[in-house]
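Asker: Mind having a look at this structure? Questions to follow.
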Amino acid sequence: MLLEALRLRDFRNLQHVMLTPNPRFNVIAGPNGQGKTNLLEAIYLLSAVKSFRPGTTNRALIHFERTEASLEARVERGGHERLVRLEISERGKKVFLNEGQVRNISDFFGTLNVVIFGPDDIGILRGSPSERRRFMDRAIFNAHPAFSTESTHYEDVLKHRNALLKEPRVDPALLGVYDEQLITYGAQVLRRRLDFITHFRPVLTRTFSTIFDPSLAADLRYAPSWLDEGDDAFDEAAALQAPQYLERSLEQALRRTEREERERGYTLIGPHRDDLHTTLGGHDVRTFGSQGQTRAFVLAMKIAEITYLEERYHFAPILLLDDVSSELDRQRNRLLFDFLRSRTQGQVFITTTHRDFILLDQNLSIFDVQGGQVVERVSDDA
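In this text, residue positions in the sequence shown follow full-length UniProt numbering: the first is 1, and each later residue adds one.
This is the structure in structure tokens:
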């Protein structure tokens with residue numbers, strides 16, 4: 001998979017950008033606040049049709065002097081070229097594929113696959129459960145584009161159910177309808193997540209052992225919010241083998257929390273409140289891991305995500321690295337670039353404020369960003 005050409009118009013501070021990326025490594029260099037991350041965000045939008053920055057509005061994606069923005073890319077995948085275009089206005093987004101407007105967005109997903117790793121990801125284990133859920137869901141989306149629609153169904157029902165629970169008098173018949181939908185869509189989300197964790201876990205364990213520390217076994221497990229009281233373990237594989245297990249567990253959990261949910265006015269259990277439990281050598285990373293071990297674990301998660309996609313689905317996603325080298329110590333930064341060079345395929349876009357962080361000297365193009373202007377460097381003298 002290659003991003004062969006990129007053109008942006010009035011996207012944030014990038015008013016006029018035309019880029020012909022290197023098929024391997026692309027370094028986006030410049031001071032902070034010049035538009036480097038915006039460039040990565042544009043590529044991500046062409047894949048997911050939404051920003052990786054939480055809470056981003058359409059208005060925020062458009063240059064402050066304009067009312068619309070346009071993102072366009074020529075993409076090669078499996079020997080076939082496709083032209084992808086995204087038009088953004090305050091009213092919404094329109095997606096075009098080979099000049100035809102895409103009516104069913106799920107048919108578009110998978111045209112361009114990217115994995116992003118940024119400074120916020122370094123703190124994924126120290127942050128809230130939503131950060132770890134976001135990691136899972138992005139990885140699942142790359143492998144199964146239909147997951148975006150499935151998770152949206154769940155979120156829509158959850159929003160309506162929470163609104164109903166806030167009402168002074170709850171209509172029990174309507175609540176029953178929302179319960180049934182929440183169970184159905186929630187079980188779909190859970191099956192996707194559990195299938196991912198089951199296959200991702202051995203890749204993560206192998207990755208951490210090979211790259212960082214073979215003396216410590218890295219592991220992660222799904223931590224549901226809807227287990228029966230007193231249960232402290234969960235067998236993902238067993239849940240996947242019994243199709244009705246997840247629906248039944250969610251239904252029982254809703255019954256247990258019914259009174260408390262009405263008192264609080266929101267849904268207390270479900271995929272939207274689940275978490276990941278991560279361990280090193282059998283000990284909780286969040287509680288007992290050093291800062292270095294925590295960062296190594298997160299880096300191993302991102303490397304394992306790429307490896308998982310390549311091994312299980314036989315394609316190399318485009319990798320977006322947003323200034324992560326400045327967040328890693330020298331040894332882990334070197335290990336990251338050792339991994340990148342070891343891959344025989346895969347296009348990479350890397351932002352940096354200092355060229356010295358980027359341990360690459362072959363198959364490399366450098367683009368300087370200054371005040372929203374992007375210019376390819378003729379030679380790397382820095």
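We put the beta carbon where it would ideally sit given N, CA and C, even for glycine.
DSSP three-state call for histidine 199: helix, strand or coil?
Answerer: For the purposes of this step, residue 199 is taken as the residue at position 199 of the sequence shown. Of the three classes helix, strand and coil, the one that applies to histidine 199 here is helix, per DSSP.
Asker: Assuming arginine 295 contacts arginine 330 under a Cβ cut-off of 8 Å, what Cβ separation, rounded to an integer in Å, is found between them?
Answerer: Locating residue 295 in the sequence shown gives position 295, counting from the first residue. Locating residue 330 in the sequence shown gives position 330, counting from the first residue. In fact, because the Cβ distance is near 12 Å, the residues do not count as touching under 8 Å.
Asker: Between which residues of its own chain and arginine 66 is the CB-CB distance below 7 Å, once the five residues before and five after are set aside?
Answerer: Working through the sequence shown from its first residue, we reach residue 66 at position 66. So the list reads Asp10, once near-sequence residues are dropped.
Asker: Which one or two residues does DSSP pair with asparagine 26 in a beta bridge?
Answerer: For the purposes of this step, residue 26 is identified with residue 26 of the sequence shown, where counting begins at 1. Asparagine 26 is bridged to Phe349 and Ser365.
Asker: Going by C-alpha to C-alpha distance, which of Gln345, Val375 and Asp356 sits closest to aspartate 363?
Answerer: On the sequence shown, position 363 is the one that residue 363 refers to. At residue 363 the sequence reads asparagine, which differs from the aspartate that was named. That would be Gln345, whose Cα lies nearest to the Cα of asparagine 363.
Asker: Taking Cβ to Cβ, would you say glycine 270 is nearer than 8 Å to leucine 250?
Answerer: For the purposes of this step, residue 270 is taken as the residue at position 270 of the sequence shown. For the purposes of this step, residue 250 is taken as the residue at position 250 of the sequence shown. Cβ distance < 8 Å, so glycine 270 and leucine 250 count as in contact.
Asker: CB aspartate 323 to CB threonine 351, shorter than 8 Å?
Answerer: Numbered from 1 along the sequence shown, position 323 holds the residue referred to as residue 323. Numbered from 1 along the sequence shown, position 351 holds the residue referred to as residue 351. In contact: aspartate 323 and threonine 351 (Cβ atoms closer than 8 Å).
Asker: Please classify phenylalanine 117: does DSSP put it in a helix, a strand, or coil?
Answerer: The residue given as residue 117 occupies position 117 in the sequence shown. In this structure, phenylalanine 117 counts as strand in the three-state DSSP scheme.
Asker: In the region 24–62, which residue ranges form an unbroken alpha helix (DSSP H) of at least 4 residues, counting only runs that do not cross its ends?
Answerer: Runs of the alpha helix (DSSP H) inside the region 24–62: 36–48 and 58–61.
Asker: Is alanine 300 closer than 8 Å to alanine 218 when the C-beta atoms are compared?
Answerer: Here residue 218 corresponds to residue number 218 of the sequence shown, with the count starting at 1. Here residue 300 corresponds to residue number 300 of the sequence shown, with the count starting at 1. Result yes, Cβ atoms of alanine 218 and alanine 300 sit closer than 8 Å.
Asker: Output the distance between the C-alpha atoms of glutamine 181 and leucine 158, rounded to the nearest integer angstrom.
Answerer: On the sequence shown, residue 181 is found 181 positions in, with the first residue counted as 1. On the sequence shown, residue 158 is found 158 positions in, with the first residue counted as 1. C-alpha separation (whole angstroms): 9 Å.
Asker: Rounded to a whole number of angstroms, what is the C-alpha to C-alpha distance between arginine 12 and leucine 2?
Answerer: Counting from one through the sequence shown, the residue named residue 12 turns up at place 12. Counting from one through the sequence shown, the residue named residue 2 turns up at place 2. Cα to Cα, arginine 12 sits roughly 24 Å from leucine 2.
Asker: Lysine 302 and aspartate 171: beta carbons closer than 8 Å?
Answerer: As a position in the sequence shown, residue 302 is number 302, starting the count at 1. As a position in the sequence shown, residue 171 is number 171, starting the count at 1. No, these two residues do not count as a Cβ contact at 8 Å.
Asker: Could you check if tyrosine 185 is buried or exposed, using at least 16 other CB atoms within 10 Å of its CB as the buried criterion?
Answerer: Mapped onto the sequence shown, residue 185 falls at position 185. Tyrosine 185 should be labelled buried.
Asker: Taking only three categories from DSSP, how would you classify isoleucine 358?
Answerer: Reading the sequence shown from its first residue, position 358 is the one you call residue 358. In the structure shown, isoleucine 358 sits in coil (DSSP, three-state: anything other than H, G, I, E or B).
Asker: In angstroms, rounded to a whole number, what distance separates the CA positions of lysine 166 and threonine 267?
Answerer: As a first step, residue 166 must be located in the sequence shown, where it is residue number 166. As a first step, residue 267 must be located in the sequence shown, where it is residue number 267. Near 10 Å, if we compare the C-alpha coordinates of threonine 267 and lysine 166.
Asker: Could you check whether the region 143–157 touches the region 97–115, counting it as contact only if at least three pairs of C-beta atoms, one from each stretch, sit closer than 8 Å?
Answerer: These segments touch.
Asker: Suppose you measure from the CA of threonine 20 to the CA of alanine 73; what does that come to, to the nearest Å?
Answerer: One-based indexing of the sequence shown puts residue 20 at position 20. One-based indexing of the sequence shown puts residue 73 at position 73. Each residue's Cα considered, the two are about 10 Å apart.
Asker: Alpha carbon to alpha carbon, how far is glycine 289 from histidine 283?
Answerer: The residue you call residue 289 lines up with position 289 of the sequence shown. The residue you call residue 283 lines up with position 283 of the sequence shown. Cα to Cα, the separation comes out at about 8 Å.
Asker: List the residues that DSSP assigns as beta-bridge partners of histidine 80.
Answerer: Taking the sequence shown and counting its residues from 1, one reaches residue 80 at position 80. For histidine 80, which the question treats as bridged, DSSP gives the partners Arg77.
Asker: Can you tell me where the alpha helix (DSSP H) holding threonine 278 begins and where it ends?
Answerer: In the sequence shown, the residue the question calls residue 278 occupies position 278. Per DSSP, threonine 278 belongs to no alpha helix (DSSP H); it is in the beta strand (DSSP E), 275–280.
Asker: Are the Cβ atoms of glutamate 150 and valine 189 separated by less than 8 Å?
Answerer: On the sequence shown, position 150 is the one that residue 150 refers to. On the sequence shown, position 189 is the one that residue 189 refers to. Yes. Within cutoff.
Asker: Mind checking which residues open and close the alpha helix (DSSP H) that includes residue 390?
Answerer: Outside the displayed range of the chain (1 to 382) lies residue 390, so it cannot be described from this structure.
Asker: Where does histidine 272 sit, in a helix, a strand or coil, going by DSSP?
Answerer: Position 272 of the sequence shown, counted from the start, is the residue given in the question as residue 272. Helix, per DSSP.
Asker: When we look at the beta-carbon of valine 374 and count the other beta-carbons within 10 Å, is it buried (16 or more) or exposed?
Answerer: As a first step, residue 374 must be located in the sequence shown, where it is residue number 374. Result: buried.
Asker: For the 8 Å Cβ check, are there 3 or more pairs between the region 31–39 and the region 84–93?
Answerer: No, because fewer than three Cβ pairs between the region 31–39 and the region 84–93 fall closer than 8 Å, the two stretches do not touch.
Asker: Alpha carbons only, please: which of Ser326, Glu263 and Val102 is nearest the one belonging to glycine 118?
Answerer: Residue mapping note: residue 118 aligns to position 118 of the sequence shown, counting from 1. The residue with the shortest Cα to Cα distance from glycine 118 is Ser326.
Asker: Pick from Ser365, Gly371 and Val378: whose alpha carbon is nearest that of isoleucine 28?
Answerer: By 1-based counting over the sequence shown, the position of residue 28 is 28. Selected option, being the one with the closest Cα: Ser365.
Asker: Hey, out of Met136, Arg53, Ile62 and Asp361, whose CA is closest to leucine 340's CA?
Answerer: If you number the sequence shown from 1, residue 340 lands on position 340. Comparing Cα positions, the closest option is Asp361.
Asker: Which of the three DSSP states, helix, strand or coil, is assigned to arginine 255?
Answerer: Start at 1 with the first residue of the sequence shown, and residue 255 comes out as number 255. Helix at arginine 255.
Asker: Among residues of its own chain, excluding the 5 on either side of alanine 382, which ones have a beta-carbon nearer than 7 Å to its beta-carbon?
Answerer: On the sequence shown, residue 382 is found 382 positions in, with the first residue counted as 1. Residue confidence for alanine 382 is low, a pLDDT of 48 falling below 50, so the modelled location carries little weight; the figure read from the coordinates is stated next. Around alanine 382: Arg355.
Asker: When we look at the beta-carbon of alanine 316 and count the other beta-carbons within 10 Å, is it buried (16 or more) or exposed?
Answerer: Mapped onto the sequence shown, residue 316 falls at position 316. Under this definition alanine 316 is a buried residue.
Asker: From the DSSP output, read off the bridge partner residues of glutamine 370.
Answerer: As a first step, residue 370 must be located in the sequence shown, where it is residue number 370. Its beta-bridge partners are Gln373.
Asker: Enumerate in chain order the residues of its own chain whose CB-to-CB distance from glutamate 155 is below 7 Å, with the five nearest sequence positions on each side excluded.
Answerer: By 1-based counting over the sequence shown, the position of residue 155 is 155. Once the five neighbours on either side are set aside, glutamate 155 has no close Cβ partner at all.
Asker: Whose C-alpha, out of Glu261, Ala238 and Leu204, is nearest the C-alpha of proline 168?
Answerer: As a first step, residue 168 must be located in the sequence shown, where it is residue number 168. With distances taken between Cα atoms, proline 168 lies closest to Glu261.
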